[in-house]
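Residue numbers (the numbering used here), protein chains in the order written: chain B, 1 to 112; chain G, 1 to 114.
Ideal Cβ placement from N, Cα and C applies to all residues, glycine included.
Note that this is a predicted model, so its numbers are computed, not measured.
Dropping the structure here:
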């Protein structure tokens with residue numbers, strides 16, 4: 001059974017720092033991996049999607065990497081800003097049925 | 001495109017009442033899913049559909065029914081609400097070509113069962 005773990009559960013950093021959020025999964029036979037952002041009381045916004053054949057994806061200050069063999073993904077946020085404060089969720093798609101398995105999320109606070 | 005829409009945004013039910021959470025998408029996506037999000041439990045899959053007329057159970061299906069008569073709509077029915085169904089419910093859709101099953105989520109329905 002696929003399990004997804006995100007460490008740390010919470011992270012507080014000063015503005016301007018570069019930071020890395022971690023995601024690990026137990027079954028390397030994934031179809032893709034998707035990173036989401038969730039603001040308090042809001043829905044999920046897709047940040048980056050990495051297909052199983054890809055190693056990384058970039059969008060602005062965000063860079064996500066994928067190492068299927070080790071069952072790990074990282075989300076790198078450069079030059080963090082207070083507006084980046086949110087919960088970041090990692091989810092893997094293990095088959096072609098649209099079923100995502102989510103991690104518990106990392107809650108990020110960026111202090112001015 | 002409106003994307004994935006959900007109604008209502010908020011709902012309060014009494015134990016034993018029934019209701020239907022509505023979900024619609026206008027992106028012609030094949031796949032649609034329902035998740036619930038609870039503190040400390042993350043998001044868990046309730047039911048999913050790979051196309052009109054085809055549905056299957058997810059991780060936590062008990063107490064919920066679904067049907068998919070059209071590509072656009074995927075309603076979630078609570079037959080007899082229980083306090084344990086107090087949660088935030090998210091509907092999602094995805095397609096199988098091009099962007100390889102990228103999931104799009106609705107804004108959520110916050111349900112309280114008293």
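Whole-number beta carbon distance between residue j and residue i, since they are thought to touch under 8 Å
{"i": "residue 34 of chain B", "j": "residue 49 of chain B", "result": "5 Å"}
{"i": "residue 52 of chain B", "j": "residue 30 of chain B", "result": "6 Å"}
{"i": "residue 25 of chain B", "j": "residue 95 of chain B", "result": "The Cβ separation is near 14 Å, so there is no contact."}
{"i": "residue 106 of chain G", "j": "residue 12 of chain G", "result": "So it is not a contact: roughly 20 Å between Cβ atoms."}
Contact set for residue i: own chain, Cβ-Cβ below 6 Å, skip 5 residues either direction
{"i": "residue 27 of chain B", "result": "2"}
{"i": "residue 68 of chain G", "result": "49, 52, 55, 74"}
{"i": "residue 84 of chain G", "result": "none"}
{"i": "residue 111 of chain B", "result": "14"}
{"i": "residue 7 of chain B", "result": "22"}
Nonlocal neighbours in the same chain, by C-beta distance under 8 Å from residue i, ignoring five residues either side
{"i": "residue 11 of chain B", "result": "19, 21, 106, 107, 108, 109"}
{"i": "residue 61 of chain G", "result": "46, 47"}
{"i": "residue 99 of chain B", "result": "93"}
{"i": "residue 9 of chain G", "result": "107, 108, 109, 110"}
Where residue i falls: helix, strand or coil (DSSP)
{"i": "residue 61 of chain G", "result": "coil"}
{"i": "residue 8 of chain G", "result": "coil"}
{"i": "residue 125 of chain B", "result": "Examination of residue 125 of chain B is not possible in this model, given that chain B is present from 1 through 112 alone."}
{"i": "residue 73 of chain B", "result": "strand"}
{"i": "residue 84 of chain B", "result": "helix"}
{"i": "residue 14 of chain B", "result": "strand"}
{"i": "residue 94 of chain B", "result": "coil"}
{"i": "residue 139 of chain G", "result": "Outside the modelled stretch of chain G, which goes from 1 to 114, sits residue 139 of chain G, for which no answer is possible."}
{"i": "residue 33 of chain G", "result": "strand"}
{"i": "residue 84 of chain G", "result": "helix"}
{"i": "residue 48 of chain G", "result": "strand"}
{"i": "residue 67 of chain G", "result": "coil"}
{"i": "residue 92 of chain G", "result": "strand"}
{"i": "residue 30 of chain B", "result": "coil"}
{"i": "residue 49 of chain B", "result": "strand"}
{"i": "residue 113 of chain B", "result": "Outside the displayed range of chain B (1 to 112) lies residue 113 of chain B, so it cannot be described from this structure."}
{"i": "residue 39 of chain B", "result": "coil"}
{"i": "residue 104 of chain G", "result": "strand"}
Exposed unless 16 or more other CB atoms sit within 10 angstroms - verdict on residue i
{"i": "residue 80 of chain B", "result": "buried"}
{"i": "residue 4 of chain B", "result": "buried"}
{"i": "residue 33 of chain G", "result": "buried"}
{"i": "residue 87 of chain G", "result": "buried"}
{"i": "residue 24 of chain G", "result": "buried"}
{"i": "residue 7 of chain G", "result": "exposed"}
{"i": "residue 103 of chain B", "result": "buried"}
{"i": "residue 92 of chain G", "result": "buried"}
Proximity to residue i [Cα-Cα], best of the options
{"i": "residue 65 of chain B", "options": "B/95, B/29, B/101, B/90", "result": "B/90"}
{"i": "residue 28 of chain G", "options": "G/19, G/2, G/35", "result": "G/2"}
{"i": "residue 32 of chain B", "options": "B/111, B/112, B/92", "result": "B/92"}
{"i": "residue 36 of chain G", "options": "B/101, B/15, B/112", "result": "B/101"}
{"i": "residue 21 of chain G", "options": "G/87, G/78, G/38", "result": "G/78"}
{"i": "residue 39 of chain B", "options": "B/58, B/87, B/14", "result": "B/87"}
{"i": "residue 30 of chain G", "options": "G/106, G/70, G/9, G/89", "result": "G/70"}
{"i": "residue 73 of chain B", "options": "B/104, B/103, B/23, B/82", "result": "B/23"}
{"i": "residue 44 of chain G", "options": "G/66, G/89, G/17, G/95", "result": "G/89"}
{"i": "residue 72 of chain G", "options": "G/59, G/58, G/95", "result": "G/95"}
Close beta carbons around residue i, own chain, < 7 Å, minus the five adjacent residues each side
{"i": "residue 82 of chain G", "result": "15, 63, 113"}
{"i": "residue 55 of chain B", "result": "65, 66"}
{"i": "residue 63 of chain B", "result": "56, 76"}
{"i": "residue 44 of chain B", "result": "36, 38, 89"}
message: Any C-beta of chain D within less than 9 Å: which residues of the segment 80-104 of chain B qualify?
response: Among the chains of the structure shown, chain D does not appear; the protein chains present are B and G.
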